[in-house]
């Protein structure tokens, strides 16, 4: 009886895990093997960010209220059929090398099913400008969970990030992999030739050292405003305002009254930087004192 109960509990745990992995309903972007030397872990890759979370607008013909459509037009010929369009790479002004879809497809890298971890680096070793798109990496099944945890926990213990390469949608990417909660976070990285050098943009900035008093005040202000990152505290005010406007106009059907917002005058400058920084530090100190007082009153209650 005890063994039967144990087996039933084990089965229910496994089924719960399977349910948990499929509860989002999302299809994996990639499935394959995560390889560390002779160890291979079956994994699945899922997008970590939502596409379409922001508002999207269509162009509409005001008199008729119908959506504007665009025709494919060739100068001197007029509208053309979609079947007559192929892709071209411009080699000089008005001259193109033409490629068919079949030719482009043939150049795509064969989809590899293995992401080999070839190097390990510290978290702060890679400049943030190289990071591109984040994905969640999970075990493909229950059997893969133990080796997956071993790789995750080893990376966490050594405070390292793994580097490898992966093929997504026919294109090869460098990827970084690091622990993220109970799973792993995979981020695609830009190649060196995709990143512009910063030097030309910063060349005109003087090399003089900052005023010591001003820097000390700025450092104090930074210290007072330092807090753990909480994304819930930040809001997309522009999108929220647009949502409200759309709801209001949908409800009333009337044009919205747009008030003029007071904008700072062009050329307005903070002349006394020391006084401005001191005032900012005092304001930050007042805010910190209020929040501490609220916390104490909550504890007392």
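In this note's numbering, the protein residues as written are -2 to 298.
C-beta: ideal position from N, C-alpha, C; glycine also.
Query, Result
"State the DSSP-derived secondary structure class of residue 135, mapped to helix, strand or coil.", "strand"
"Is the separation between the beta-carbon of residue 26 and that of residue 120 shorter than 8 Å?", "no"
"Reducing DSSP to helix, strand and coil, say where residue 140 ends up.", "coil"
"Going by Cα to Cα distance, which pick from 90, 68, 141, 129 is closest to residue 29?", "141"
"Under 8 Å: do the region 176 to 195 and the region 209 to 217 share three or more Cβ pairs, one atom per stretch?", "no"
"If I measure Cβ to Cβ from residue 264 and keep anything under 8 Å in the same chain, skipping five residues before and after, which residues do I get?", "Note that residue 264 scores 47 on pLDDT, short of 50, meaning its location in the model is unreliable; the coordinates nonetheless yield the value given after this. Within the same chain, residue 264 has no close Cβ partners at all."
"Measure the alpha-carbon distance for residue 72 versus residue 79 and round it to whole angstroms.", "15 Å"
"Terminal residues of the continuous beta strand (DSSP E) containing residue 215?", "Taken as a continuous stretch (DSSP letters only), residue 215 belongs to no beta strand (DSSP E), being part of the alpha helix (DSSP H) at 209 to 221."
"Looking at C-alpha atoms only, which residue of 179, 90, 159 is the closest neighbour of residue 33?", "159"
"Taking only runs that begin and end inside the region 108 to 187, name each unbroken beta strand (DSSP E) of 3 or more residues, in chain order.", "111 to 113, 116 to 119, 128 to 136, 157 to 165, 168 to 177, 180 to 186"
"Tell me the rounded alpha-carbon separation between residue 222 and residue 214.", "12 Å"
"Measuring only the C-alpha atoms, how far is residue 162 from residue 170?", "6 Å"
"Spatial neighbours of residue 110 within its chain, please: CB distance less than 8 Å, with the 5 preceding and 5 following residues excluded, ordered by chain position.", "28, 29, 30"
"Enumerate in chain order the residues of its own chain whose CB-to-CB distance from residue 176 is below 7 Å, with the five nearest sequence positions on each side excluded.", "149, 152, 153"
"Compare the C-beta of residue 171 with all C-beta atoms of chain C and state if any pair is closer than 8 Å.", "Given the protein chain composition of this structure (a single chain), no chain C is represented."
"Kindly list the residues whose CB is nearer than 6 Å to the CB of residue 137, restricted to its own chain and excluding five residues on each side of it in sequence; keep chain order.", "39, 40, 41"
"Using a threshold of 8 Å, state whether the C-beta atoms of residue 278 and residue 218 are closer than that.", "yes"
"For the alpha helix (DSSP H) that residue 88 lies in, which residues bound it at each end?", "Here residue 88 belongs to no alpha helix (DSSP H); instead the beta strand (DSSP E) covers 84 to 89."
"Helix, strand or coil: how does DSSP classify residue 95 here?", "strand"
"If I measure Cβ to Cβ from residue 44 and keep anything under 7 Å in the same chain, skipping five residues before and after, which residues do I get?", "26, 132"
"Which whole-angstrom value is the C-beta distance of residue 69 and residue 76, which I expect to be below 8 Å?", "7 Å"
"Helix or strand or just coil, what does DSSP make of residue 282?", "helix"
"In the structure shown, what three-state DSSP assignment does residue 271 receive?", "helix"
"If you follow the beta strand (DSSP E) that residue 67 is part of, which residue opens it and which one closes it?", "Taken as a continuous stretch (DSSP letters only), residue 67 belongs to no beta strand (DSSP E), as it is neither H nor E."
"Please report how far the alpha carbon of residue 99 lies from the alpha carbon of residue 185, in whole angstroms.", "27 Å"
"Of the choices 227, 123, 52, 48, whose alpha-carbon is the least far from that of residue 235?", "52"
"If contacts are defined as beta-carbon pairs under 8 Å, then residue 173 and residue 123 qualify, I think. What distance do you get, rounded to the angstrom?", "7 Å"
"For residue 302 and residue 106, what's the separation of their Cα atoms in angstroms?", "No answer is possible for residue 302: it lies beyond the span of the chain, which begins at -2 and ends at 298."
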